[in-house]
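All the letters of the sequence shown, read from the start, carry residue numbers 376 to 1134 under the working numbering. Note sheet for the following structure.
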Amino acid sequence: MQAAAAQALAVLSVLFTLDCLCAHRPQPDRTLHQGHASTPSGDDTQPTQKKSQPHIIFILTDDQGFNDIGYHNPTIKTPTLDKLAAEGVRLENYYVQPICTPSRSQLLTGRYQIHTGLQHSIIRPSQPSCLPSHMDTLPERLREAGYTTHMVGKWHLGFYRKACLPTRKGFDSFFGSLTGSVDYYSYGSCDGPGVCGYDLHDDEAVAWGREGKYSTTLFTQRARKILESHDPADRPLFLLLSLQAVHTPLQPPKHYIYPYRHMADVARRKFAAMVSTVDESVRNVTYALRKYGYYKNSVIVYSTDNGAQPFTGGSNWPLRGRKGTYWEGGVRGVAFVHSPLLRRRRRVSKALLHITDWFPTLVNLAGGNVSQSRGLDGFDVWKTISEGSESPRREILHNIDPLHKAAAQTTSWDTEGASERTSEGPTFKKPKKKKKKKKKKKILKQQRQQKSLFKLKTTKKPQTFSHHATKPLPKSKPAPKPKTTVFSQHRPPSHHGPRLKSHSSGGLPPAWGTSDPGSRPHPRPKSRRTASQKQNWSRSRSSPRPKSKTKLRLGSRSKSRRTVSQYQNQSRPGTSPPPTSQPVWDASVQAAIRVGDWKLLTGDPGHGDWVPPQVLPTLPGRWWNLERTFPSHHKPSAHKNIWLFNITGDPYERRDLADRRPDVVQRLLARLAHYNRTAVPVYFPPDDPRANPSRHGGAWVPWVDGEGGEDEDEDEGKYQGVYKKGKSSKKKRKKKRCHLCKLKLFFLKLNTGMMSNRI
């Protein structure tokens, strides 16, 4: 019995073991089968990640104005763009920079140009400058998230050394031009008379032999080739298609001009034809997205880099200003987002957006890590675009350019609500010259006791007031200085600063700072250029003003109780906020800022005209430098350098409210001072003769050896950051002046990407 029991137990144990093995075997079989069916590698989490990462196609055009697209102007035939915008989200409160290089730098870095050193102008082909080497870029962050990154088209962010090339800034491949303006067929680019070369590159090599093919067509073909060769199920794709169109020179194919034959303005006709080439390019790219399986999981962003240039057929109507200015026509951009992933489509978004917002928005959308990118000025606005939620952005710093200052003058502001005045205004008269004073020397001696404390501009001869009205001041004692009233800045600095509130009885509009945009730490960028340019920066930022030989003194008989306050920008980077007794801002510095509904401009914002289409048949007329007169309560001053507009209520900037709202002006000036404390020095070096293409086989290529690092610091320290024209160059230009030469020079500047350093 015991033996039988032992045999039974052995049989039961064997059966139990077999049952356990059978129970455990199917589970790994199912797992392996599922993994094999989903991914060849067997990682069941990888498909979920890939599916959540959309393909990103960013289409960037050049110099396309607000009025240069079909849904703003029906005379421009852009059926593809109109359809994509109508089925997506139109961005009607979207801002860019007024010129090429700053916009592109802000797109790729997510930082304002005051934090990259590119706040003065474009990067010219012969300048040894590019994006700061220590800053990360959008394609670098996307590549870390698993994306394949490609760029096709215009770079215009510097190339003096190989470390500046697109392939060294995060792109796996590059095909296009490195300079700002090239010929559409020959791919020649010039940076002055005799400084011309071939500019078409494939990765880091010169792409010879492509002459005769239209650049927009050539770039579109390369973009379609990238889409065809890439597997959308393998890795997500980021494609930056940076078209050269519709930048000068105006060279559209002839068959695109025929639909616009009714336009009398030849430049406008060619410009419109080039917009049609862009529309066809976008149609071919979107067709390829559908054909090769990208479209259902893709995001298409369309944007211009700056406003249009009416000189060359563009139009920003009805906005004010043009390319190169900080009026709305120069900074408000055409843009839309088209994607099947949008939750709320077929609508128009009026949320405040900026070109710096694409960096954090696209990185977060791709599943990347934005926290590694410190000092970003952009916001993640995907929910604003996709769902229609409120924009996290409350303000935009358009720019602060300390090297672009208006004519030297003494600006005063009436804090009691009076208009902006200058010491050269209509109330006072300048003292006469020494020659006239010598003739009246005896008369002045006799009337020394009766001499007026100030002069009125009523007659040619100065009128004097009796000494019974005011006692003459001794010569040794200077006139008492009036007290200044400024906005207190004894607050801890932050990225967005404190909430802006009105101290007036009326208060500010609801859109003004009603909600806190959020305080994020904004560490000062550690630019390598800061140390080498410290001395030069202090000289450029605190240039002495011309001293007047005579002083205007206010007598006790004057009924004016104005509080004079000169806006002097004394808050340098890294310094503590100025005390309340110090002025706030130097209004001669070119700067522009948008906070809520309000927009403030100081210095010289550029030609502020409203240019309807078809106005310029050939060359600009005499009226170009004059602002059009519109009904206004206050006449514009010849020395005016502060403007204030409510953009929501007055999107065309026709009513200047600076005189009516000095409280708002004070607060926006304080915001400029706050941003200026975080700025890095301007880097704008002189032309390097080694860049001449004649030294490099006739092509524009990097001309400085090395990959960056210490060599880059040495070059930047040698140039000291700021470019100043020498006297010799001015003398040479004077010798060559003639009417024909001026005309040729005018077109040369337009065709070489606006070469002026005061663009």
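We put the beta carbon where it would ideally sit given N, CA and C, even for glycine.
Please tell me whether residue i and residue j are closer than 7 Å, where the distance is taken between their beta carbons.
i     : j     : result
R536  : V1079 : yes
Y631  : L976  : no
C571  : G584  : no
T436  : L618  : yes
F550  : D577  : yes
F711  : A460  : yes
I968  : L1043 : yes
Q494  : V1057 : yes
G705  : G688  : no
L616  : G528  : yes
V674  : S724  : no
L1047 : A962  : no
G1024 : S690  : no
G981  : R695  : no
T595  : S656  : yes
L614  : H525  : yes
S480  : T491  : yes
R658  : T455  : yes
P473  : G699  : yes
A1045 : V959  : yes
S604  : L575  : no
D566  : S508  : no
Pull up the distance between the alpha-carbon of residue i and that of residue j, whole angstroms please.
i     : j     : result
W985  : V964  : 24 Å
G743  : P611  : 12 Å
R644  : Y635  : 6 Å
G668  : Y470  : 32 Å
E467  : E579  : 38 Å
R768  : D752  : 10 Å
D609  : H430  : 11 Å
T693  : V641  : Position check: residue 693 holds Pro in this sequence, whereas Thr was assumed. Roughly 21 Å between the two C-alpha positions.
N774  : I432  : 28 Å
S761  : D1062 : 45 Å
Q684  : F1059 : 24 Å
W1018 : K780  : 15 Å
Around the Cβ of residue i, are there at least 16 other Cβ atoms within 10 angstroms (buried) or fewer (exposed)?
i     : result
V650  : buried
G445  : buried
R1065 : exposed
S427  : exposed
D606  : exposed
P627  : buried
A639  : exposed
P1037 : buried
E1028 : buried
S590  : buried
Q368  : Residue 368 cannot be examined here, being either before or after the span of the chain that is shown, 376 to 1134.
E515  : buried
G750  : buried
Y633  : exposed
G1135 : Given that the chain is displayed from residue 376 to residue 1134, the structure contains no residue 1135 and the question cannot be resolved.
R1070 : exposed
H637  : exposed
G1072 : exposed
At which residues does the beta strand (DSSP E) containing residue i begin and terminate?
i     : result
A710  : 710-713
A608  : Where A608 is concerned, there is no enclosing beta strand (DSSP E), given that its DSSP letter is neither H nor E.
Y573  : 571-573
N1021 : 1017-1021
M526  : 523-529
E770  : 770-780
G674  : Residue 674 is actually Val in this sequence, not Gly. That run of the beta strand (DSSP E) goes 673-679.
W757  : It is not in any beta strand (DSSP E) - W757 instead sits in the alpha helix (DSSP H) that spans 757-761.
Below 8 Å on the Cβ atoms is my contact criterion, and I expect residue i with residue j to pass it. Report the Cβ-Cβ distance as a whole number of Å.
i     : j    : result
S766  : L728 : 6 Å
L482  : I730 : 5 Å
G521  : Y560 : Not confirmed; about 38 Å, so no contact.
T484  : L506 : 7 Å
N1021 : W973 : 6 Å
V1055 : I489 : 7 Å
For the alpha helix (DSSP H) that contains residue i, what are its first and last residues?
i     : result
R969  : First-last for R969: 964-970, but that is the beta strand (DSSP E), not the alpha helix (DSSP H).
P634  : Where P634 is concerned, there is no enclosing alpha helix (DSSP H), given that its DSSP letter is neither H nor E.
H1049 : 1037-1051
S766  : No alpha helix (DSSP H) holds S766; DSSP gives it neither H nor E.
T977  : No alpha helix (DSSP H) holds T977; the beta strand (DSSP E) holding it covers 973-977.
Please report whether the beta-carbon of residue i lies at a distance below 7 Å from any beta-carbon of chain C.
i    : result
K698 : Included in the structure is just one protein chain, with no chain C present.
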